[in-house]
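Notes to accompany the following structure.
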Amino acid sequence: MTARVTACLSRIAALTLSLSMIAVTLTGCWDRTEINDLAIVLALGIDSPEGKGILLSAQIYSPRQSGGGSPSGSSEGTASGTTIVKSANGSNLAEAMSRLQRKLSRHVFWGHSEAVVIGQSAAKRGLREYLDFLLRYSQFREHAYVYVSQQPAKEILAQLPSLERSSAEAMREMGIMKLGARVTILDLAKSIEGPGQSAVLSRLKIPPPEEGKDKLASIPYIRGLALFKKAAYIRTITEPLSIGMLIMLNQLEDIVFSVQPDNNSKGVVAIKPSTINTTLTPRIRNGVWSIQAHVKARGDIVLNTTDLSLAAPNQVKDIEKLWKEKMTGIVQSAINLAQKELKTDFFGYAAEFRRHYPKQWNANLSKWESIYPNIETGLQVDVLIMRSGKSESPQGVPDETIIHK
Amino acid sequence: MTKSFRGPMKRMPFHRQAHMQRGSAPSPILSPHLKDNVTALRAIYSEGSDVTFHTFHIHQAVEAVLIFHSTLCDTELLDRQILGPLIAWNPDSLLIDAAAIAGILPISSSTIVATLEEASLSISGGHPLLLLEGSSCALTFGLSKSEHRNVEEPTAEATLRGPREGFTESLAVNISLLRKRLKNPNLKMVSISIGEYTRTTVRLAYLEGVIEPSIVKEVMRRLSAIETDGILESEYIEEWITDQPKSPFPQMLSTERPDVVCANLLEGRFALLIDGTPFALVAPVTLFSMLQSAEDYYQHFIMSVFVRWLRYLFYILSLLLPSAYVAITTYHQEMIPTVLLLSVAKAREEIPFPALIEALIMEIAFEALREAGVRLPKQVGAAVSIVGALIIGQAATSAGIVSAPMVIIVATTGIASFMIPRYSAGLASRLLRFPIMLLAGTLGLIGMMLGMIVIVIHLCGLRSFGVPYLSPMTPTSSGLWRDVFWRSPIWANRNRLRGRHNGIKSGTPIIARQSSKK
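Protein chains in written order, with the UniProt record's numbering: chain A, 1 to 405; chain B, 1 to 518.
And the structure:
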């Protein structure tokens, strides 16, 4: 390096340094925000009370831990009290957000919202407005999990579960554990805007409080699925239909199936699947569109209240057969619901066709609405019981009653 | 220190006068008359001097004078090996000269001097001077004696495994420590004396045939250009001869380990041994060699690779950690994992200062503590720094003045800076931490990056005796990476300097081939 460049550089360095020195003293010139000045939003809730306007609620972390007041003003002692809920009205989300800021003495910081809860009332208005805002405003995280709630979203946020730091944390953990459909803001937008034009969201419910316990101390849990067609809410489904739906979505993880062997109506055998894997194979033959859905399940027997010893292979085979029938029934009813009843492509048939038959897909793009309900869905379920558990014969019954073959 | 208060040239040493006169007139030569010489030397060593003038007669006939610093030379040997034989000597003729005397004395080191300057230099250097009546030459003897401590373990560069010997303040001892390790005639030690008053002997050590000869030439040129009154420590020399003395990054390595010096000589570098300090200077160096410890080569190579990477990581941490904390917590909160942010928010809730001010307070307090600990006596130092750290860490946190995460950050930074094996290399990161912190506090991560860019540009332009400071990264010579990014086993290190002195040119390291730019 020549001396001139060095001199120039050192001058630049000196200038930068002195400027930043000056800036340190002129604190008004910084755009910094100390953590102390932030209201960190952990989850946001969207409601639409009486179908008019938007009620935006934010679950805000309260670092002082002095027991956050509940939104309704109830002053009962709370379970953990690390969060408070603030909400504001507005004709749209952005307006509600700016009103919310005016109610708080700290900068509302949305960058850490782990969960978005859309109340059923707001979900009925359609998801478009919310999605646009959540994906446009720079602070929101695209990987926040989205839920629909039976009760108003504000109530979900107001829960202060004793197990987790906040209900937002609980919702995030439930999303990671795949207790329902694991859908982030980005997934939701992609599935609505994608060829399927539909979405499936988990539905949260607050259980009634146990007797003598604080009503805010219960953990919201996932119960059922909310179905959307083109951003519009159409239906809520619960078990067993929702299980079939999750199997077809390849999202089911934690579940137990119980079957009743025919020859022994006294008890049940419960199977906990370790893996359930669904593949969709599209096919166009002679202008006939069809989909082959292949469900592969493997599982272990976790409970056996029948008298079968399960040591004999044919007994396990029988149980496998029953399990297969059960799963086939559940999945088939979900397929029927989607194809025949709701005529909505929840399972991504369209994406499969687009990937495998791009030419035919493009040619029939406009006719997809009419093609979809008539697609033949062939369902094949393969099940395999890997282990019959720690005990081979049923426990707690005299040996002579056990059926050994 | 030689003192000479003569005429109007007050406070100017004799040597400088002689030096100045060199241009116009030659230095006064010794006269054949003993009296004249003695008078001249007495004038130099007049007031406040501890020089002894001992007059005696050889064979009771020829007058002779021994002039010496009784504190600097071994008087016992002087009496026994010189004075005794001379008095008892029965010469064939009375026309004796210095050369003849050197032949009969039982002493291995004697030199004939002809000028007054040389004579006074040798007296000041502790070598007794013998003047004879009727001879225009004088004789000096290598009987100087000085106090020095024993060879001890180097305190600033301790290793778990490896030689325990360290340099001492005595140049002769240091040279012997080097020669003991490198038994090769190609180990050259060029002597040069620097400092008008101190006349400090500096030895330029290098392995001939291994080092690039132009580097030696360049060092000699820079060393001879030094004009100073005194050299008391290696830093005096370093500041005179480094390529860019204003850079906070050291461009020479100072070490008190003879094994480190030997290793560097073997890699084609040179070393400067300076009389009076246990620190030797080694150059040319790169940033990466400043982050290497002798121990890297004394431990299993896998362990060394691990430690080396740990060191690189912590070097960067020591420079950037507080800045990154300040930048991210004040500008980029979305970058912190949620749970961590909540913990930080809880810890910071009661803190009255902005993160930048908090960081500056803590870093300055830490640096002060560290400096206090270094300067205090060993026994007190440790106690004080522990108490100080406890008070700052514990009390400040519980009083709500400083947040606990900041204490963790500052403590980690402190540990990180202690991991740098060279104290001088650590100084750069300690110093540059503050401007980067200011940049981070005002501009966030962009400011931090700007600071980094300025530092990298500076490093790219830096050279140590012609060798780019960031080599072998830039300019890239991937062959040398095996000793930078990992440490290949000793037997696999092809970086051996297969004797250039044997006429084989291949295998010489690129590092030594870079020619000097200046």
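For every residue, glycine included, the Cβ atom is placed at its ideal position computed from N, Cα and C. Since we're looking at a predicted model, the values are computed, not measured.
For this session: Look at the alpha carbon of A327 of chain B and the alpha carbon of L445 of chain B, and state the distance between them as a whole number of angstroms.
Result: If you take the alpha carbons of A327 of chain B and L445 of chain B, they lie about 5 Å apart.
For this session: Can you tell me which of B:G126, B:G134, B:A43, B:R482 puts its alpha carbon nearest to the alpha carbon of W309 of chain B?
Result: B:R482
Problem set entry | Option nearest I453 of chain B by Cα separation, candidates B:T168, B:E196, B:L320 | B:L320
Problem set entry | C-beta contact flag for F141 of chain B and S93 of chain B at 8 Å | Not closer than 8 Å, so no.
For this session: Could you say which of B:L116, B:A347, B:G451 lies nearest to P28 of chain B if we only look at CA atoms?
Result: B:L116
Exercise. Counting along the chain, where does the beta strand (DSSP E) carrying M386 of chain A start and finish?
Worked result: 376-387
For this session: Identify the contact partners of M21 of chain A in chain B, using a Cβ-Cβ distance below 7 Å as the criterion.
Result: L438
Problem set entry | Bridge partner(s) assigned by DSSP for W289 of chain A | A:I284
Problem set entry | Assigned exposure category for R4 of chain A - 16 Cβ within 10 Å defines buried | exposed
Exercise. Since I219 of chain A contacts G119 of chain A with CB under 8 Å, what's their CB separation in whole angstroms?
Worked result: Incorrect: roughly 18 Å between the Cβ atoms, too far for contact.
Exercise. Which full runs of the alpha helix (DSSP H) of 4+ residues lie inside the region 259-344 of chain A, going along the chain?
Worked result: 313-336
Problem set entry | Three-pair Cβ contact test at 8 Å for the region 154-168 of chain B versus the region 125-137 of chain B | no
Exercise. Per DSSP, which one or two residues make a beta bridge with E164 of chain A?
Worked result: According to DSSP, E164 of chain A bridges with nothing at all.
Exercise. In chain A, which residues lie with their C-beta within 9 Å of the C-beta of K346 of chain B?
Worked result: Y61, P63, R64, Q65, T82
For this session: Check K103 of chain A in the structure and name its three-state DSSP category.
Result: coil
Exercise. Near A355 of chain B, which residues of its chain fall below 6 Å by C-beta distance, leaving aside the five closest residues on each side in sequence?
Worked result: Here the set comprises V326, T329, T330.
For this session: Indicate whether at least one CB of chain A lies closer than 8 Å to the CB of P248 of chain B.
Result: no
Exercise. How many angstroms separate the CA atom of S393 of chain A from the CA atom of L310 of chain A?
Worked result: Whole-angstrom Cα-Cα distance: 6 Å.
Exercise. Per DSSP, R203 of chain B forms a beta bridge with which residues?
Worked result: Paired residue(s): B:S191, B:L273.
Exercise. Closest Cβ-Cβ distance between G111 of chain A and chain B: below 8 Å?
Worked result: yes
Exercise. For K154 of chain A, does the count of other Cβ atoms within 10 angstroms reach 16, so buried, or fall short, so exposed?
Worked result: The C-beta of K154 of chain A has 16 or more other C-beta atoms within 10 Å across all chains shown, which makes the residue buried.
Problem set entry | Under 7 Å by beta carbon: chain A residues contacting Y331 of chain B | R32
Exercise. For L225 of chain A, which residues does DSSP report across the bridge?
Worked result: A:S202, A:I237
For this session: In the DSSP assignment, find the beta strand (DSSP E) that holds D47 of chain A and state where it starts and stops.
Result: 38-47
For this session: Would you check if the region 281-298 of chain A and the region 352-365 of chain A touch, i.e. whether three or more CB-CB distances between them fall below 8 Å?
Result: yes
Exercise. Can you list, in chain order, the residues of its chain whose CB lies under 7 Å from that of A25 of chain B, leaving out five sequence neighbours each side?
Worked result: Reliability fails at A25 of chain B, whose pLDDT of 49 lies under 50, so the model's placement of it is uncertain and the value that follows must be treated cautiously. Nothing listed; no residue qualifies.
Problem set entry | Residue span of the beta strand (DSSP E) that contains K246 of chain B, given as start and end | No beta strand (DSSP E) contains K246 of chain B, which DSSP labels as neither H nor E.
Exercise. Taking C-beta to C-beta, are L225 of chain A and A297 of chain A nearer than 8 Å?
Worked result: For L225 of chain A and A297 of chain A, no; Cβs fall outside 8 Å.
For this session: For M1 of chain A, decide whether its Cβ has a neighbour in chain B, counting only Cβ atoms nearer than 8 Å.
Result: In this prediction, M1 of chain A scores a pLDDT of 47, lower than 50, which makes its location untrustworthy; the coordinate-derived value is nonetheless stated afterwards. Yes, its Cβ sits closer than 8 Å to a Cβ of chain B.
For this session: Below 8 Å on the Cβ atoms is my guess for N430 of chain B versus P322 of chain B; work out the distance and round it to an integer in Å.
Result: The residue asked about is misnamed: residue 430 of chain B is Arg in this sequence, not Asn. With a Cβ gap of about 11 Å, R430 of chain B and P322 of chain B do not count as contacting.
Problem set entry | Simplified DSSP state of G119 of chain A, which is helix, strand or coil | For G119 of chain A, the three-state secondary structure derived from DSSP is strand.
Exercise. Quick one: what does DSSP say R149 of chain B is sitting in, helix, strand or coil?
Worked result: coil
Problem set entry | Cross-strand partners of S110 of chain B (DSSP beta bridge) | B:F141
Exercise. Going by other Cβ atoms of all chains shown within 10 Å of its Cβ, with 16 needed for buried, is P278 of chain B buried or exposed?
Worked result: Result: buried.
Exercise. How about A114 of chain A: is its C-beta nearer than 8 Å to some C-beta of chain B?
Worked result: Correcting the residue type first, residue 114 of chain A is Glu in the shown sequence and not Ala. Nearest CB-CB separation between E114 of chain A and chain B: below the 8 Å threshold.
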